[in-house]
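Input: a single structure, listed below in structure tokens.
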Amino acid sequence: MGLGAIAEALAVRCQAFGMCITGVSDGQATMDGVDKIYPRKALSEAASECDFLVVLVPYSAATHHLIDDEVFRAMGEHAILVNVARGGC
Numbered sequence: 037m038g039l040g041a042i043a044e045a046l047a048v049r050c051q052a053f054g055m056c057i058t059g060v061s062d063g064q065a066t067m068d069g070v071d072k073i074y075p076r077k078a079l080s081e082a083a084s085e086c087d088f089l090v091v092l093v094p095y096s097a098a099t100h101h102l103i104d105d106e107v108f109r110a111m112g113e114h115a116i117l118v119n120v121a122r123g124g125c
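Under my numbering, the first residue of the sequence shown carries the number 37, and numbering increases by one thereafter.
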């Protein structure tokens, strides 16, 4: 979740381990190191396919509660959430 510079760097490194990388973004259609990109409205669908869901977004009104009950329910029991999002006060 999030496809900025940090996500791009992480994606390239994860692909080196043979991982298939799926991104979620409304602003990008392609990115180096990313195999598939879903629009934000399809976050739950993307979450249902992942083993790791890495959140790399800044806090804002648009990202508040982005990872909600629907997303957690979509994730498989084996999936791991890695939250390195930047918080706000």
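Glycine residues also receive a C-beta, built at the ideal position from the N, C-alpha and C atoms.
Check: Looking only at its own chain, which residues have a Cβ that is under 6 Å from the Cβ of I42, when we skip the five neighbours before and after it?; Outcome: L92
Check: Using DSSP's beta-bridge definition, name the partner residues of L117.; Outcome: L89
Check: Can you name the residues that DSSP bridges to T58?; Outcome: K72
Check: How many angstroms separate the CA atom of R76 from the CA atom of G54?; Outcome: 25 Å
Check: For V70, collect the residues of the same chain with a Cβ closer than 6 Å to its Cβ; drop the 5 residues on either side in sequence, then sort them by chain order.; Outcome: A47, I57 and G59
Check: With C-beta atoms as the reference, is V107 less than 8 Å away from A83?; Outcome: yes
Check: Excluding the 5 residues flanking Q64 on each side, which residues of the same chain have their C-beta closer than 7 Å to its C-beta?; Outcome: L39 and I73
Check: Rounded to the nearest angstrom, what separates E113 and V120 at their Cα positions?; Outcome: 21 Å
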